[in-house]
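Numbering (UniProt numbering), first residue to last: 1 to 132. Report on the structure given below.
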């Protein structure tokens, strides 16, 4: 396994941990939306970053999902979720959580769908790159 593959795999695993935390928090029925959204945003971020890494695309330190999707697109990689849809999760990101921003009205089912879509896409992108 080369360095890019190992880093991408580590990001997928980290994203899966955030996905698990998201699922458990949703199941509890008691977790605050900003905590649920934080783990949704983190999972999505890590899945997009895994694809960037496997393609050898360098990215700066950011939690902005729309910016990461834009970077992917600039390198010919189509993220399966529209940048505007991803942008709604940005209010849950680390750098935005302590600023006075309006919390998104995205629901848990939409968050779960974004996580599942990006995870599936990232896993397929990684497999495709490894099998080239």
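Where is the CB? At the ideal position from N, CA and C, for every residue including glycine.
Of the candidates 53, 108, 113, 94, 53 places its Cα closest to the Cα of residue 129.
Here the C-alpha atom of residue 94 lies approximately 28 Å from the C-alpha atom of residue 76. Under the three-state reduction of DSSP output, residue 131 falls in the coil class, being neither helix nor strand. Nearest to residue 41 by alpha-carbon distance, out of 124, 15, 127, 120, is 15. In this structure, the CA atom of residue 127 is about 19 Å from the CA atom of residue 43. Taken in chain order, the complete alpha helix (DSSP H) segments of 4 residues or longer contained in the UniProt domain "HEPN" (11-112) are 33-54, 65-74, 83-87, 94-97. At the C-beta level, residue 83 and residue 69 come within 8 Å of one another. Out of 105, 6, 79, the CA that lies nearest to the CA of residue 89 is found in 105. In this structure the region 21-37 does not lie against the region 54-74, because fewer than three pairs of beta carbons, one per stretch, are closer than 8 Å. At a Cβ-Cβ threshold of 8 Å, residue 49 and residue 38 do not count as neighbours.
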